[in-house]
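Okay, structure first, notes after.
2 protein chains.
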Amino acid sequence: METRELRYFVAVAEELHFGRAAQRLGIAQPPLSRAIQQLERRLGAVLLDRTSRTVALTEAGAVLLTEGRAALDAVDAAERRTRRAALSATGRTGGPGHPGLVLATKASASNELLAKLLDAYAAEPVAVPVEVILCGPAEQERLLRDGRADVALLHRPFDSTARLHTEELSTEGQVVVLPAGHPLTARAHVHMADIADLPGLPLPRWPKPDGTYPPGPGPQVRDHGQLMQLVALGRACAVSPESCRSRLPDDLAAVPVLDAPKVTTVIAWPPHSRSRAVADLVRTAARL
Amino acid sequence: METRELRYFVAVAEELHFGRAAQRLGIAQPPLSRAIQQLERRLGAVLLDRTSRTVALTEAGAVLLTEGRAALDAVDAAERRTRRAALSATGRTGGPGHPGLVLATKASASNELLAKLLDAYAAEPVAVPVEVILCGPAEQERLLRDGRADVALLHRPFDSTARLHTEELSTEGQVVVLPAGHPLTARAHVHMADIADLPGLPLPRWPKPDGTYPPGPGPQVRDHGQLMQLVALGRACAVSPESCRSRLPDDLAAVPVLDAPKVTTVIAWPPHSRSRAVADLVRTAARL
DNA sequence: GGGCAACGATACCGTCAGGGTATGGATTCG
DNA sequence: CGAATCCATACCCTGACGGTATCGTTGCCC
Chain A
-12 METRELRYFV
-2 AVAEELHFGR
8 AAQRLGIAQP
18 PLSRAIQQLE
28 RRLGAVLLDR
38 TSRTVALTEA
48 GAVLLTEGRA
58 ALDAVDAAER
68 RTRRAALSAT
78 GRTGGPGHPG
88 LVLATKASAS
98 NELLAKLLDA
108 YAAEPVAVPV
118 EVILCGPAEQ
128 ERLLRDGRAD
138 VALLHRPFDS
148 TARLHTEELS
158 TEGQVVVLPA
168 GHPLTARAHV
178 HMADIADLPG
188 LPLPRWPKPD
198 GTYPPGPGPQ
208 VRDHGQLMQL
218 VALGRACAVS
228 PESCRSRLPD
238 DLAAVPVLDA
248 PKVTTVIAWP
258 PHSRSRAVAD
268 LVRTAARL
Chain B
-12 METRELRYFV
-2 AVAEELHFGR
8 AAQRLGIAQP
18 PLSRAIQQLE
28 RRLGAVLLDR
38 TSRTVALTEA
48 GAVLLTEGRA
58 ALDAVDAAER
68 RTRRAALSAT
78 GRTGGPGHPG
88 LVLATKASAS
98 NELLAKLLDA
108 YAAEPVAVPV
118 EVILCGPAEQ
128 ERLLRDGRAD
138 VALLHRPFDS
148 TARLHTEELS
158 TEGQVVVLPA
168 GHPLTARAHV
178 HMADIADLPG
188 LPLPRWPKPD
198 GTYPPGPGPQ
208 VRDHGQLMQL
218 VALGRACAVS
228 PESCRSRLPD
238 DLAAVPVLDA
248 PKVTTVIAWP
258 PHSRSRAVAD
268 LVRTAARL
């Protein structure tokens, strides 16, 4: 199977419309129809149920959609990482445009640990320049998979660490963040049940991996900063790792939640990484 | 990047010889040279240092070799799983030629657990036919990655479970297997130090993932059956999970090794698997 | 040191896969 | 029932890819 065929199929499977898919791919519709037919013949599998009005995925088509996306990610990763390896091999000094290492972390996650890590790593004699990518929640895995990042900071149990190598860095409890002066802030600690249904202060909704939001009450948020803003406005409350207290503004207060799941920060990298720089960074992180 | 280019590059990078690589690919040498040059131009990276006598990988080339192999595995997996999905969708009865599920396990591993698992799963109303592939040690991950298997039984800490979803099934200690009548068999238990250097009974050498054997003393073995044979012949001793005692022949004896690492049997599957059958099998396994 | 063998690069050519345009056939909707 | 929509088919054309022949360089060995 060629990646071109995979790209074509994924486009059609996502659009469920040959015309739009062809447009997206920058080709005409007939060659696309032909390519899909040829792919189906070669695989010996019907991938799409199509009438002249509607296109639907078959079971085999659904399999190829998920597997094909993973395969295309792997190909993209190979390309990106090779390009970067070539750049950092020539421009040995590693100017800002040529990072030796790309680290992905959630936007607005606690930066204390990251700052310590970057400092400690930069102090190593073999350190290479590190670029930090801030991404949406649960996006780190994608970046590692398609080669846009070499290493990431994840937070269990929120982020999945499957198919990644990881090293635990720290574990912490969680606190509920409330507007200053809220009655609950007088308490020394609370339980999840105390905050599940606070009047006027719902828990927020985070985007799913596909970018859409689950239905339900609560405001939609994209990062921790937005959420803090909403809490300050009295529109939501937040359950966050306790390290967020260190930089809490005056108009917010935090109370430990005894039965909230512990959050573990881990450093993760793709399992087949052979990069010297990744290994150094991970070793540095493990020693913090 | 097209998979054809990747296949070409991987062939050259493995052979380090354009002529042989071309032969292996079933094409002539000149088109292969051209394809690699074109790939290098498009990536903007020198992948191979070549003189007219020798070919060597550059740093970027080494990256593309590992990343490219992973990508090709992913593409192969997509193809195989799609084919299988199509087959099991049409031949719904699932004749023996059309397994709904392929399970990989080490040849000669203890089959007790597997037998129980297969029985329990077959009793489920939604069960599909399961094909069992016996493979060499540490080969299961490869089979899962390139789609030849859907699910595997692994043994930690011997097999790596990175990039896989897993569920623990059982944990057991290890025993040393010796020829019956050996002085140590009189002991109730031993320690690793007692057996590290038994005269005439070295520990065996297992193949590395690439199929070669590490240097050193001890016979080369490919599976547990071979090893037992060698022990019976008085040419080796073996440290194995204690479940192997259940089918130990008369001429062998086993003694618990107190400080050997515990062996955990886990069931593993590719992280993006959406297969109903895999989920059912895993659930069945977890309930055993 | 010169002839030779090995090996990758280059030159040149033919073929067919893949892309484009025009059009057909089926289904839905007003 | 006509019109619009949408996928499939027919047909042509270009260029990418593969093959053969040959060159240039580099070790090697007598």
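Protein sequences appear in the order of chains A and B.
Numbering of the first sequence is given in this note's numbering, commencing with residue -12 and proceeding in unit increments.
Numbering of the second sequence is given in this note's numbering, commencing with residue -12 and proceeding in unit increments.
Glycine included, C-beta positions come from ideal geometry on N, C-alpha and C.
Because the structure is a prediction, the values reported are computed rather than measured.
Under 7 Å from the C-beta of H152/A: neighbouring residues of chain B: As a first step, residue 152/A is located in the first sequence; it is residue number 165 there, counting from the start. The answer, in chain order, is A149.
Just mark Q161/A as buried or exposed, buried being the case when its beta carbon has 16 or more other beta carbons within 10 Å. Position 174 of the first sequence, counting from 1, holds the residue named residue 161/A. That one is buried.
Excluding the five sequence neighbours on either side, which residues of its own chain have a C-beta within less than 7 Å of the C-beta of L185/A, listed in chain order? Here residue 185/A is taken as the residue at index 198 of the first sequence, counted from 1. Cβ contact annotation for L185/A (same chain, cutoff 7 Å, sequence separation greater than five): C224, in chain order.
Using a cut-off of 8 Å between C-beta atoms, extract the partners of R28/B located in chain A. Translated into the one-based positions of the second sequence, residue 28/B becomes position 41. Within 8 Å of the CB of R28/B, no CB atom of chain A is found; the nearest one sits about 12 Å away.
Under the three-state reduction of DSSP, which class applies to S260/B: helix, strand or coil? If you number the second sequence from 1, residue 260/B lands on position 273. Residue state, collapsed to three classes: coil.
Whole angstroms is fine: what's the gap from T41/B's alpha carbon to P18/B's? Along the second sequence, one-based indexing puts residue 41/B at 54. Along the second sequence, one-based indexing puts residue 18/B at 31. Their backbone Cα atoms lie some 19 Å apart in a straight line.
Three CB pairs or more closer than 8 Å across the segment 247 to 254 of chain B and the segment 132 to 147 of chain B: Taking a cut-off of 8 Å for Cβ pairs, the segment 247 to 254 of chain B and the segment 132 to 147 of chain B touch, as three or more such pairs fall below it.
Hey, how far is the Cα of T148/B from the Cα of L3/B? Numbered from 1 along the second sequence, position 161 holds the residue referred to as residue 148/B. Numbered from 1 along the second sequence, position 16 holds the residue referred to as residue 3/B. Roughly 31 Å between the two C-alpha positions.
Span of the beta strand (DSSP E) holding I120/B? Counted from its first residue, the second sequence places residue 120/B at position 133. V117 to C122 is the span of the beta strand (DSSP E), which, as asked, contains I120/B.
Residues of chain A with CB closer than 9 Å to the CB of G198/B, please, in chain order. For the purposes of this step, residue 198/B is taken as residue 211 along the second sequence, with counting starting at 1. Within chain A, no residue comes near G198/B; the closest Cβ sits about 18 Å away, beyond 9 Å.
Relative to the C-alpha of A264/B, which candidate in F5/A, L(-7)/A and V50/A has its C-alpha closest? As a first step, residue 264/B is located in the second sequence; it is residue number 277 there, counting from the start. Cα-wise, what sits closest to A264/B is V50/A.
Taking only runs of the alpha helix (DSSP H) that begin and end inside the segment -9 to 60 of chain B, which ones reach a length of at least 4 residues, in chain order? Listed in chain order, they are 5 to 12 and 16 to 30.
How many Å lie between A136/B and G198/B at the Cα? Position 149 of the second sequence, counting from 1, holds the residue named residue 136/B. Position 211 of the second sequence, counting from 1, holds the residue named residue 198/B. Distance from the CA of A136/B to the CA of G198/B, rounded to the nearest whole angstrom, comes to 20 Å.
Contacts of P280/A in chain B (Cβ-Cβ under 7 Å): In the structure displayed, chain A extends from -12 to 275; residue 280/A sits before or after that span and is not available.
Continuous alpha helix (DSSP H) stretch holding E128/B: start and end: If you number the second sequence from 1, residue 128/B lands on position 141. Segment Q127 to R132, the alpha helix (DSSP H) holding E128/B.
Would DSSP call R209/A helix, strand or coil? Along the first sequence, one-based indexing puts residue 209/A at 222. Correct three-state label for R209/A: coil.
Whole-number beta carbon distance between V33/A and A43/A, since they are thought to touch under 8 Å: In the first sequence, counting from the first residue as 1, residue 43/A sits at position 56. In the first sequence, counting from the first residue as 1, residue 33/A sits at position 46. With 8 Å as the limit, A43/A and V33/A do not qualify as a contact, their Cβ atoms being about 11 Å apart.
Please classify L130/A: is it buried, with 16 or more other beta-carbons within 10 angstroms of its beta-carbon, or exposed? In the first sequence, counting from the first residue as 1, residue 130/A sits at position 143. Around the beta carbon of L130/A, a 10 Å sphere encloses 16 or more other beta carbons of the protein chains shown; the residue is thus reported as buried.
Would you be able to state if there are at least three C-beta pairs under 8 Å between the segment 221 to 236 of chain B and the segment 161 to 175 of chain B? Touching, yes.
Could you give the first and the last residue of the continuous beta strand (DSSP E) run that contains K103/B? As a working mapping, residue 103/B is identified with position 116 in the second sequence. First-last for K103/B: E99 to A109, but that is the alpha helix (DSSP H), not the beta strand (DSSP E).
Against R68/A, what residues of chain B qualify as contacts under a CB-to-CB distance less than 7 Å, listed in chain order? For this step, residue 68/A is matched to residue 81 along the first sequence. Simply V50 and E54.
For chain B, is any of its Cβ atoms less than 9 Å away from the one on R135/A? Taking the first sequence and counting its residues from 1, the one referred to as residue 135/A is at position 148. So no, R135/A is outside the interface.
8 Å contact criterion, which P248/A and E159/A should meet: CB distance rounded: Here residue 248/A is taken as the residue at index 261 of the first sequence, counted from 1. Here residue 159/A is taken as the residue at index 172 of the first sequence, counted from 1. Contact flag wrong, Cβ pair sits at about 11 Å.
Please confirm whether P201/A and R209/A have their CB atoms less than 9 Å apart. Indexing the first sequence from 1 puts residue 201/A at position 214. Indexing the first sequence from 1 puts residue 209/A at position 222. Contact flag unset, no.
Coil, strand or helix - V269/B by DSSP: Taking the first residue of the second sequence as position 1, residue 269/B is located at position 282. When DSSP states are grouped into helix, strand and coil, V269/B belongs to the helix group.
What are the start and end residues of each continuous beta strand (DSSP E) run of 3 or more residues lying completely inside the segment 132 to 215 of chain A, in chain order? DSSP runs (the beta strand (DSSP E)) wholly in the segment 132 to 215 of chain A: 138 to 143, 152 to 159 and 161 to 166.
Taking the alpha-carbon positions, what's the A266/B to V62/B distance? Taking the first residue of the second sequence as position 1, residue 266/B is located at position 279. Taking the first residue of the second sequence as position 1, residue 62/B is located at position 75. Going from the Cα of A266/B to the Cα of V62/B covers about 23 Å.
When S260/B, L268/B and A272/B are compared against A65/B, the one with the closest alpha-carbon: The residue labelled residue 65/B in the question sits at position 78 within the second sequence. Minimum Cα distance to A65/B is reached at S260/B.
Check this for me: beta carbons of A22/B and E(-8)/B, under 9 Å apart or not? As a position in the second sequence, residue 22/B is number 35, starting the count at 1. As a position in the second sequence, residue -8/B is number 5, starting the count at 1. Less than 9 Å divides the Cβ of A22/B from the Cβ of E(-8)/B.
In terms of residue numbering, what span does the beta strand (DSSP E) encompassing K93/A cover? The sequence position of residue 93/A within the first sequence is 106, counting from 1. For K93/A, the enclosing beta strand (DSSP E) begins and ends at L88 to K93.
Going by C-alpha to C-alpha distance, which of A114/B, P204/B, Q207/B and A0/B sits closest to L268/B? The count along the second sequence starts at 1 and reaches residue 268/B at position 281. For the set A114/B, P204/B, Q207/B and A0/B, the Cα lying nearest the Cα of L268/B is the one of A114/B.
Decide if S75/A is buried, meaning its Cβ has at least 16 other Cβ atoms within 10 Å, or exposed. Numbered from its first residue, the first sequence carries residue 75/A at position 88. It counts as buried.
Does the CB of R274/B have a neighbour CB from chain A at under 9 Å? The residue labelled residue 274/B in the question sits at position 287 within the second sequence. Not an interface residue.
Closer than 9 Å to chain B by CB, L(-7)/A: Locating residue -7/A in the first sequence gives position 6, counting from the first residue. L(-7)/A counts as touching chain B.
CB contact check: V33/B to chain A, cutoff 9 Å: Here residue 33/B refers to the residue found at position 46 of the second sequence. Closer than 9 Å: yes.
Taking the alpha-carbon of P116/A as reference, which of P124/A, L105/A, C122/A and G123/A has the nearest alpha-carbon? Here residue 116/A is taken as the residue at index 129 of the first sequence, counted from 1. Sorting P124/A, L105/A, C122/A and G123/A by C-alpha distance to the C-alpha of P116/A places L105/A at the top.
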